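Asks:
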Amino acid sequence: MKNYGTPLNTKEINNPIASSESLSQYPDEDALHELSAELLPWYVNGTLNPAEQALIARHLPACTECRLALEHYRKLGASCPAYTDKEDWRPAAAHFARILQNIDAQENKTATEPLTSH
Amino acid sequence: MTRIAEQTQNLSNKAPGTENEDLLLMRRIAGKDRKAFEELYYRYAPRTGKYLMKLLYCRELVDEAMNDVMLAVWQNAERFDPDLGRLSTWLFGIAHNKGLKLLERQRRHRIEDALEAGTSRIVENEQDESAVFPELPDSDNPEQTVLGWEIGDHLLWALEQLTAEHRAVVELTFAEHCSYQEIAVITGCPVNTVKTRMFHARKKLAELLALRGYSFGS
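Rendered as structure tokens:
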């Protein structure tokens, strides 16, 4: 899935990591650690933007805590496909037919309902 | 319905379409084209259904939730805006919402049933999931580590213990490879809530694994 180019809130708009040009303007190691700890799951699934990805890659060698968390998330990531296949659900013609029946029932109900004035 | 049955095999092999194809499909559905609606079902129901299985753990409930999802799509197709995200994100958002509503309805029914039966023990909080899910045998080795498939069941068990909201963030991240921004859209939460839920999910998983004598390892 793609990353959205449009920020979702003002915090993101003001987020300095939105631009790779600001990479060198992120010298505070504590802030970098906090950011890294938050974004590691998406570092693992490869959906961060290049600037975020680079910041975390810069921080990881210096931080045992984040490297441990990274390992946890990688194991979690490796387990999820198996978890996904454990129980399966598949579309079926009979199920789709019931969906259409449901829609017909809804539409008939709407068509036969008396108009009410408000 | 014969026509639908005949087409099932071909349609079920179709992968989700390109963004342009999706937009055209949604426009046809907005125009009440049932063939397009059927195409959408076979393109996207496998993924959304799988996701709902992770939330609901019951095929019958997923059938019901998918009914609700498809009805919402039929009734609101004209509201789909490709500028706000991909069709899959829009559909996952509807599925997430319908799935959680069904879970809440189930929880209320359980409470009502328990009250009617006069039982004092009511599973009111989904966090109290030890009452709902069977326990795995205790590990013989307290220092075991979750390293591979041989003890993967323990991690799967731990995932099942999470609340639906926490599990959703884990699933959307690692099974559906969604960005945190997409998860925020799907779950209707601020991005900071998504990040916090992931943090707590990992913490909870570590605690649950520790109860079984396992750890993620280092």
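Just so you know, the sequences run in chain order X and R.
Counting from 1 along the first sequence, just add 98 to a position and that's the residue number in this note's numbering.
Counting from 1 along the second sequence, just add 7 to a position and that's the residue number in this note's numbering.
Each residue gets a CB set at the ideal place from its N, CA and C atoms; glycine is no exception.
Every value quoted in this text rests on a predicted model; they were computed, and no experiment measured them.
1. Cβ of residue 202/R less than 7 angstroms from any chain X Cβ?
2. Less than 7 angstroms between the C-beta atoms of residue 194/R and residue 103/R, yes or no?
3. Would you tell me roughly how many angstroms separate the C-alpha atoms of residue 164/X and residue 157/X, rounded to the nearest one?
4. Taking its Cβ as the centre, do 16 or more other Cβ atoms sit within 10 Å of residue 29/R, making it buried, or is it exposed?
5. Using 8 angstroms as the threshold, is the region 96–115 of chain R in touch with the region 59–75 of chain R, meaning 3 or more CB pairs across them?
6. In terms of alpha-carbon separation, which member of 195/X, 187/X, 173/X and 190/X lies closest to residue 161/R?
7. Using the C-alpha atoms, what's the distance from residue 41/R back to residue 2/R?
8. Give the secondary structure of residue 188/X by DSSP, where H, G and I count as helix, E and B as strand, and everything else as coil.
9. In terms of alpha-carbon separation, which member of 186/X, 139/X and 127/X lies closest to residue 161/X?
10. State the Cα-Cα distance for the pair residue 154/X and residue 204/X, rounded to the nearest angstrom.
11. DSSP state of residue 205/X, grouped into three classes?
12. Report the three-state DSSP secondary structure of residue 134/X (helix, strand or coil).
13. Closest Cβ-Cβ distance between residue 240/R and chain X: below 7 angstroms?
14. According to the neighbour-count rule (16 or more other Cβ atoms, all chains shown, within 10 Å of its Cβ), is residue 206/X buried or exposed?
15. What residues in its chain sit with their C-beta under 7 angstroms from that of residue 172/R, if we drop five residues either side in the sequence?
16. Name the chain X residues that come within less than 9 angstroms of residue 74/R, Cβ to Cβ?
17. Give me, in chain order, the residues of the same chain whose beta-carbon lies closer than 8 angstroms to that of residue 167/X; leave out the 5 immediate sequence neighbours on both sides.
18. If you measure from the beta carbon of residue 223/X to each beta carbon in chain R, is any gap under 7 angstroms?
19. Looking at the C-beta of residue 205/X, does it have a partner C-beta in chain R at a distance below 7 angstroms?
20. What residues in the region 164–180 of chain X bring their beta carbon closer than 9 angstroms to a beta carbon of chain B?
21. Scan the region 142–168 of chain X and note each continuous alpha helix (DSSP H) run of 4 residues or more that stays entirely inside, going in chain order.
22. Going along chain X, which residues have a C-beta under 7 angstroms from residue 52/R?
23. By the 10 Å Cβ neighbour count, where 16 or more other Cβ atoms means buried, how is residue 210/R classified, buried or exposed?
24. With respect to the alpha helix (DSSP H) encompassing residue 99/R, which residues constitute its N-terminal and C-terminal limits?
25. Please report the straight-line C-alpha distance between residue 170/X and residue 54/R, rounded to a whole angstrom.
26. With C-beta atoms as the reference, is residue 187/R less than 7 angstroms away from residue 140/X?
27. Is the CB of residue 186/R under 7 angstroms away from at least one CB in chain X?
28. Just checking: is the beta-carbon of residue 56/R within a distance shorter than 7 angstroms of some beta-carbon in chain X?
29. Since residue 187/X contacts residue 76/R with CB under 8 angstroms, what's their CB separation in whole angstroms?
30. Name, please, each residue of chain R whose Cβ falls closer than 8 angstroms to the Cβ of residue 159/X.
31. Would you say residue 139/X reaches chain R, if we count a Cβ-Cβ gap shorter than 7 angstroms as a contact?
Replies: A quick look at the data gives this:
1. As a position in the second sequence, residue 202/R is number 195, starting the count at 1. At least one chain X Cβ lies under 7 angstroms of residue 202/R.
2. Translated into positions along the second sequence, residue 194/R becomes position 187. Translated into positions along the second sequence, residue 103/R becomes position 96. In this structure, residue 194/R lies near residue 103/R, with their beta-carbon atoms less than 7 angstroms apart.
3. Against the first sequence, residue 164/X aligns to sequence position 66. Against the first sequence, residue 157/X aligns to sequence position 59. For residue 164/X and residue 157/X, the distance between alpha carbons rounds to 8 angstroms.
4. Start at 1 with the first residue of the second sequence, and residue 29/R comes out as number 22. Buried is the call here.
5. Contact check between the region 96–115 of chain R and the region 59–75 of chain R: three or more CB pairs, one atom from each, fall below 8 angstroms, which counts as touching.
6. To locate residue 161/R, count along the second sequence from 1; it is residue 154. Cα-wise, what sits closest to residue 161/R is 173/X.
7. Past the edges of chain R, shown from 8 to 225, lies residue 2/R, and the structure says nothing about it.
8. As a working mapping, residue 188/X is identified with position 90 in the first sequence. Residue 188/X: coil per DSSP, three-state reduction.
9. Sequence index remark: in the first sequence, residue 161/X carries index 63 (1-based). With distances taken between Cα atoms, residue 161/X lies closest to 127/X.
10. Sequence index remark: in the first sequence, residue 154/X carries index 56 (1-based). Sequence index remark: in the first sequence, residue 204/X carries index 106 (1-based). Each residue's alpha carbon lies about 51 angstroms from the other.
11. The count along the first sequence starts at 1 and reaches residue 205/X at position 107. Residue state for residue 205/X is assigned as helix, using DSSP reduced to three classes.
12. As a first step, residue 134/X is located in the first sequence; it is residue number 36 there, counting from the start. In this structure, residue 134/X counts as helix in the three-state DSSP scheme.
13. Past the boundaries of the shown model lies residue 240/R; chain R is included only from 8 to 225, so the question cannot be answered.
14. In the first sequence, residue 206/X corresponds to position 108, counting from 1. Per the 10 Å Cβ criterion, exposed.
15. The residue given as residue 172/R occupies position 165 in the second sequence. Short of 7 angstroms from the beta carbon of residue 172/R, and not among the five residues preceding or following it, lie these beta carbons of its own chain, in chain order: 204.
16. Here residue 74/R corresponds to residue number 67 of the second sequence, with the count starting at 1. Ordered by position in chain X, the residues that pass the 9 angstroms Cβ test against residue 74/R are 193, 196, 197 and 200.
17. Position 69 of the first sequence, counted from the start, is the residue given in the question as residue 167/X. If we look at residue 167/X and ignore the five residues flanking it on each side, its Cβ neighbours are 135 and 138.
18. Outside the shown range of chain X, which is 99 to 216, sits residue 223/X, and nothing can be said about it.
19. On the first sequence, residue 205/X is found 107 positions in, with the first residue counted as 1. Between residue 205/X and chain R, the shortest Cβ-Cβ separation is not below 7 angstroms.
20. Chain labels in this structure do not include chain B; the protein chains are X and R.
21. Qualifying alpha helix (DSSP H) stretches, in chain order: 148–157.
22. Taking the second sequence and counting its residues from 1, one reaches residue 52/R at position 45. Those are 189, listed as they occur along chain X.
23. Within the second sequence, residue 210/R is the residue found at index 203, counting from 1. Residue environment: residue 210/R is assigned as exposed (fewer than 16 neighbouring CB atoms within 10 Å of its CB, all protein chains considered).
24. Locating residue 99/R in the second sequence gives position 92, where the first residue counts as 1. Residue 99/R -> alpha helix (DSSP H) spans 94–124.
25. Translated into positions along the first sequence, residue 170/X becomes position 72. Translated into positions along the second sequence, residue 54/R becomes position 47. A straight line joining the alpha-carbon of residue 170/X with that of residue 54/R spans about 25 angstroms.
26. In the second sequence, the residue the question calls residue 187/R occupies position 180. In the first sequence, the residue the question calls residue 140/X occupies position 42. Contact: yes.
27. Numbered from its first residue, the second sequence carries residue 186/R at position 179. Under the Cβ distance rule, residue 186/R counts among the residues neighbouring chain X, one pair being separated by less than 7 angstroms.
28. Residue 56/R sits at position 49 when you count from the first residue of the second sequence. For residue 56/R, a Cβ of chain X is located within less than 7 angstroms of the residue's own Cβ.
29. To locate residue 187/X, count along the first sequence from 1; it is residue 89. To locate residue 76/R, count along the second sequence from 1; it is residue 69. 12 angstroms between Cβ atoms; not a contact.
30. Against the first sequence, residue 159/X aligns to sequence position 61. Within 8 angstroms Cβ-Cβ: nothing; residue 159/X doesn't reach chain R, min ~16 angstroms.
31. Within the first sequence, numbered from 1, the residue matching residue 139/X stands at position 41. Closer than 7 angstroms: yes.
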